[in-house]
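Each remark here refers to the structure printed beneath this line.
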Amino acid sequence: MLNESRRKFLKTSALIGAGITGLSTKTVKAGPKYVLDENRMGVLVDTTVCIGCRKCEWACKTAHHLPTPPLESYDDRSVFEKMRRPDAHALTVVNEYEPKETEQFLINVKVQCMHCDRPACVSACIVGAFSKEENGSVIWDGDKCIGCRYCMVACPFQIPSFEFEKAWHPEIKKCDFCFTRTKEGKLPACVEICPMEVLTYGTRKSLIERAHQKISLYPERYINHVFGEFEVGGTSWLYLASKDFSELQFPKLGTNPAPGVSEAIQHGIFAYFVPPVALYALLGGVMWINKKKAESNKNKEVHHE
Amino acid sequence: MSENMKPVPLPRRFFTPTVIILSIIAAVGLLFVLARLIFGIGAVTNLSNEFPWGIWIGIDVAAGVALAAGGFTTAALGHIMHKEEYHLITRPALLTAMLGYTFVAISVAIDLGRYYYIWHPLIMWNGNSALFEVGMCVMIYLTVLYIEFLPIVTERFIGRVNLPGFLSRFNVPLDRLLRALDRGLDKTMFIFIIAGVVLSCLHQSSLGTLMIIAGPKMHPLWQTPILPLLFLLSAMAVGFPMVIFESYLTSKSFGLKPETNIMSNLGNMVAPLLGIYLSFKLGDMVIRQTFVYLTEFNTASVMFVIEIVIGVIVPLRLFMSPQIHKSPLGLTIAAFLVIFGVFLNRMNNFIVAYNPPYVFQNYFPSIGEISVTAGFIALEILLFRAFVMIFPIVSVPQPTVTKAKFSIRSV
Chain C
24 MLNESRRKFL
34 KTSALIGAGI
44 TGLSTKTVKA
54 GPKYVLDENR
64 MGVLVDTTVC
74 IGCRKCEWAC
84 KTAHHLPTPP
94 LESYDDRSVF
104 EKMRRPDAHA
114 LTVVNEYEPK
124 ETEQFLINVK
134 VQCMHCDRPA
144 CVSACIVGAF
154 SKEENGSVIW
164 DGDKCIGCRY
174 CMVACPFQIP
184 SFEFEKAWHP
194 EIKKCDFCFT
204 RTKEGKLPAC
214 VEICPMEVLT
224 YGTRKSLIER
234 AHQKISLYPE
244 RYINHVFGEF
254 EVGGTSWLYL
264 ASKDFSELQF
274 PKLGTNPAPG
284 VSEAIQHGIF
294 AYFVPPVALY
304 ALLGGVMWIN
314 KKKAESNKNK
324 EVHHE
Chain Y
8 MSENMKPVPL
18 PRRFFTPTVI
28 ILSIIAAVGL
38 LFVLARLIFG
48 IGAVTNLSNE
58 FPWGIWIGID
68 VAAGVALAAG
78 GFTTAALGHI
88 MHKEEYHLIT
98 RPALLTAMLG
108 YTFVAISVAI
118 DLGRYYYIWH
128 PLIMWNGNSA
138 LFEVGMCVMI
148 YLTVLYIEFL
158 PIVTERFIGR
168 VNLPGFLSRF
178 NVPLDRLLRA
188 LDRGLDKTMF
198 IFIIAGVVLS
208 CLHQSSLGTL
218 MIIAGPKMHP
228 LWQTPILPLL
238 FLLSAMAVGF
248 PMVIFESYLT
258 SKSFGLKPET
268 NIMSNLGNMV
278 APLLGIYLSF
288 KLGDMVIRQT
298 FVYLTEFNTA
308 SVMFVIEIVI
318 GVIVPLRLFM
328 SPQIHKSPLG
338 LTIAAFLVIF
348 GVFLNRMNNF
358 IVAYNPPYVF
368 QNYFPSIGEI
378 SVTAGFIALE
388 ILLFRAFVMI
398 FPIVSVPQPT
408 VTKAKFSIRS
418 V
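Keeping their order, the protein sequence lines are chains C and Y.
Taking our numbering as reference, the numbering of the first sequence is continuous, increasing by one, and the terminal residue is 328.
Taking our numbering as reference, the numbering of the second sequence is continuous, increasing by one, and the terminal residue is 418.
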């Protein structure tokens, strides 16, 4: 939290102060530096182990006080016939995919917010309702949100969902990495309940090491790709899989942080208010010159008469 | 020529058949706004988690802002470049911009899930957000537009304040207030005029930055880092066509002679502006090699071709032809094509180009969404008519030049 608030303070004071004092364009272009905690947490999802019991879905709903069907109803595997996405009523869902030719077990993939290291939602939000916390989670502040849904436009994983049916005080819903639970020292609800230990909770650094260890130990079991290690600048949630992630309907993303280009342009146009002020001065000058010219023309006309 | 032209209120019968039709469209739109407030966004729109933004953002806001660009382009031409012959079009352009931005703000408000928190950005800042920049600029610019319009109000009511009944005791203080406002504004107006142009340049371009963060969700034909520049250039190009189009419609509607001279002069400036926009648009396509997507036959490629050919290339050719400049109708048609092109561009950028990775049902606006959009446009036209009838907006030839009681500022 300390880092986060210090960053915010620095950014705000820089924005206000630099407009007056004037900074070199080089520091301006870099923009405010994003401070990430070295020991931020993450979850490693081993999709090769998941059996699709969907207990994580149940635990998630219970932990977030969403309407929850009884646990027995989750044995119904017909839900896998259609691909599902997280929404306002379910912050995580499990989907099922065909296995590799050499395997017999279906592949199950749990979907939820990836908790990006450089989240597009945090950058996009008009009122700064989203924040990347020290422990790695990306959370939403319901007191600030105005419901513009720009976070949903921005998110490369198409995660935030909106309560469209509510006329009063709709909320943006997404996985919050069980922020309140982890603060109390508990595990995220899905990690805690998972009977197959598909989900490993730990520091992101250690999880990446562990993921690569697993890949090198069982090269026939995993493809050599940890999804989330580099995607959109890295995510707190990391995935291992037995076949290409695009076949498991993961979005194809580059390694550049999602808000990178947009922030660079935004800070380029503004650059601590130098360009707007310069434009103002320029237009003022042009206006003054043209007015003088017009006045002298008028005087000349009077003389001729 | 401009000496004997003077802006005056145009008293006419308000209700004509067209006005009645527009009123019905507006009323239906307002009913759907009411439904949205009572039953929520989901009940009235086809928006979903896959398509969080629809035509209320793509058309009402994005295209609305672009088509209100006549306000800042004529202000730049008339006041900053100090071309006095254009002063008689600055008022209609200012009124369009003022009404346009007012409805942009209203559209944003009804699209917000929590419209009652619309003031939050004023105190909760996120300097990284393009939307924050757009929101702040639009709020400030709207205020500037109202201030720029104030002199027209003072001109209309100074010496004519006549409140009914017991309110009549306020006649004298109100008149004094108007006179004080008039004096103060006379000296400070240039500050607001320049601010209006700067703010417009800022948010017209930032509106383009909005969709950049959507990254690969946006079709490569439109997704480019120079989107802010393209948005600014197209806004500049559509400003004068919008004035030409409006000027023609106003003159027809009020039975006045079209301002052929000014329309033609404005038309002369459209071709270069449109040419610059087209060269950047095509240059960007060549550099990023996105023309490969034009070989595919789908909604995106068809919409892109329509936008470029009918919305930019055809009007560019028309504005370059001398015959067109002689005919008000020809100019109006060419101007309409530019407007259509920019309108389509904004809709394409915000709706057609938006292709999220997981789609269950494609977005098409609901009856409610279309009704609200159409209703707001109708309401804008009706208000424009009412304002032109009440306030001195449109300039008409004066038979004898009478000395005005109060100096009339050219705003």
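Ideal Cβ positions, reconstructed from N, Cα and C, are used throughout, including at glycine.
Every value quoted in this text rests on a predicted model; they were computed, and no experiment measured them.
Terminal residues of the continuous alpha helix (DSSP H) containing residue i?
i	result
L106 of chain Y	H94 to D118
V250 of chain Y	L234 to S260
Y370 of chain Y	Looking at the DSSP string, Y370 of chain Y is not in any alpha helix (DSSP H), and its letter there is neither H nor E.
I340 of chain Y	P335 to M354
L280 of chain Y	T267 to I294
V51 of chain Y	I48 to V51
P128 of chain Y	H127 to I130
I317 of chain Y	Premise fails: I317 of chain Y is in no alpha helix (DSSP H) and is neither H nor E.
If we count the other Cβ atoms within 10 Å of its Cβ and call it buried at 16 or more, is residue i buried or exposed?
i	result
H192 of chain C	exposed
M310 of chain C	buried
T48 of chain C	Note on T48 of chain C: pLDDT 36, under 50, position unreliable in the model; the coordinate value appears next. Exposed: under 16 other Cβ atoms inside 10 Å.
R19 of chain Y	exposed
Q405 of chain Y	exposed
L184 of chain Y	exposed
Q296 of chain Y	exposed
A104 of chain Y	buried
G382 of chain Y	buried
R190 of chain Y	exposed
I216 of chain C	buried
W229 of chain Y	buried
D69 of chain C	buried
N178 of chain Y	exposed
W126 of chain Y	exposed
L95 of chain Y	buried
N268 of chain Y	exposed
P14 of chain Y	buried
L33 of chain C	Because the pLDDT of L33 of chain C is 48, which lies under 50, any placement of that residue in the model is unreliable, and the number read from its coordinates should be weighed accordingly. Exposed: under 16 other Cβ atoms inside 10 Å.
Just the chain Y side, please: which residues come within less than 7 Å of residue i by C-beta, in chain order?
i	result
M219 of chain C	Neighbours of M219 of chain C on chain Y: none; closest Cβ ~26 Å, over 7 Å.
A147 of chain C	S136, L138 and I220
C171 of chain C	L119 and L138
R204 of chain C	What R204 of chain C touches in chain Y: nothing, since even the nearest Cβ is about 25 Å away.
So with CB distances below 9 Å, who are the chain Y contacts of residue i?
i	result
C168 of chain C	G120, R121, Y124 and H127
Residues of chain C with CB closer than 8 Å to the CB of residue i, please, in chain order.
i	result
T216 of chain Y	S285, I288, Q289 and I292
I201 of chain Y	Y303, L306, G307 and M310
F197 of chain Y	G307 and M310
S213 of chain Y	Q289 and I292
P235 of chain Y	I288 and I292
P232 of chain Y	V284 and I288
Taking the beta strand (DSSP E) that residue i falls in, what are its first and last residues?
i	result
W81 of chain C	Premise fails: W81 of chain C lies in the alpha helix (DSSP H), K78 to A86, not in any beta strand (DSSP E).
S212 of chain Y	It is not in any beta strand (DSSP E) - S212 of chain Y instead sits in the alpha helix (DSSP H) that spans N178 to T216.
Y262 of chain C	W260 to L263
G65 of chain C	M64 to D69
Strictly below 8 Å CB to CB, what residues from chain Y border residue i?
i	result
K282 of chain C	For clarity, residue 282 of chain C is Pro in the given sequence; the question names Lys instead. Ordered by position in chain Y, the residues that pass the 8 Å Cβ test against P282 of chain C are N135 and I220.
P193 of chain C	G47, I48, G120 and R121
A317 of chain C	H89 and E91
Output, in chain order, the set of chain C residues within a Cβ distance shorter than 7 Å of residue i.
i	result
N268 of chain Y	Chain C residues near N268 of chain Y: none, gap ~19 Å exceeds 7 Å.
M131 of chain Y	V150, G151 and K167
G142 of chain Y	I149
Identify the contact partners of residue i in chain C, using a Cβ-Cβ distance below 9 Å as the criterion.
i	result
W54 of chain Y	Here residue 54 of chain Y turns out to be Leu, not Trp, going by the sequence shown. What L54 of chain Y touches in chain C: R172, F185 and F187.
L209 of chain Y	I292, F293, P298, P299 and L302
G290 of chain Y	Chain C residues near G290 of chain Y: none, gap ~18 Å exceeds 9 Å.
P227 of chain Y	Chain C residues near P227 of chain Y: none, gap ~13 Å exceeds 9 Å.
Quick one: which unbroken beta strand (DSSP E) runs of 3-plus residues sit fully inside the stretch 168–247 of chain C? Chain order, please. Fully enclosed beta strand (DSSP E) runs of 3 or longer: 222–226.
Would you list, in chain order, the members of the stretch 107–129 of chain Y that have their beta-carbon closer than 7 Å to a beta-carbon of chain C? Listed by position along the chain: L119, G120, R121, Y124, I125, H127 and P128.
Near-chain C residues of the stretch 37–48 of chain Y (beta-carbon distance less than 9 Å), N- to C-terminal order: Here the close residues are R43, L44, I45, F46, G47 and I48.
With 7 Å as the C-beta to C-beta threshold (strictly closer), list the residues of the stretch 59–89 of chain Y near chain B in chain order. No chain B appears in the structure shown, which is made up of the protein chains C and Y.
Of all the residues that make up the stretch 296–314 of chain C, which are near chain Y by a beta-carbon distance shorter than 8 Å? Flagged, chain order: P299, L302, Y303, L306, G307, V309, M310, N313 and K314.
Start-end ranges of the beta strand (DSSP E) lying completely within the stretch 114–154 of chain C, minimum 3 residues: Counting only runs of 3 or more, we get 116–120 and 130–134.
Closer than 7 Å, Cβ to Cβ, to anything on chain C: give me those residues from the stretch 350–376 of chain Y, in chain order. Residues passing the 7 Å Cβ filter: P363, P364 and Y365.
Please identify, using Cβ separations under 7 Å, the residues of the stretch 175–200 of chain C that lie next to chain Y, in order along the chain. Listed by position along the chain: M175, V176, A177, P179, Q181, S184, F185, F187, E188, K189, A190, H192 and P193.
With 7 Å as the C-beta to C-beta threshold (strictly closer), list the residues of the stretch 247–274 of chain C near chain Y in chain order. Here the close residues are P274.
Going along the chain, which residues of the stretch 102–115 of chain C sit with their C-beta nearer than 7 Å to a C-beta in chain Y? From the stretch 102–115 of chain C, only R108 and D110 have a Cβ closer than 7 Å to chain Y.
I'd like the ranges of any beta strand (DSSP E) spanning at least 3 consecutive residues and lying wholly in the stretch 68–97 of chain Y. Counting only runs of 3 or more, we get nothing.
In chain order, what residues of the stretch 122–151 of chain C put their CB closer than 7 Å to some CB of chain Y? Per Cβ criterion, the list reads A143, S146, A147, C148, I149, V150 and G151.
Closer than 9 Å, Cβ to any Cβ of chain Y: which residues of the stretch 80–96 of chain C, in chain order? For the stretch 80–96 of chain C, there are no residues whose beta carbon sits under 9 Å from a beta carbon of chain Y.
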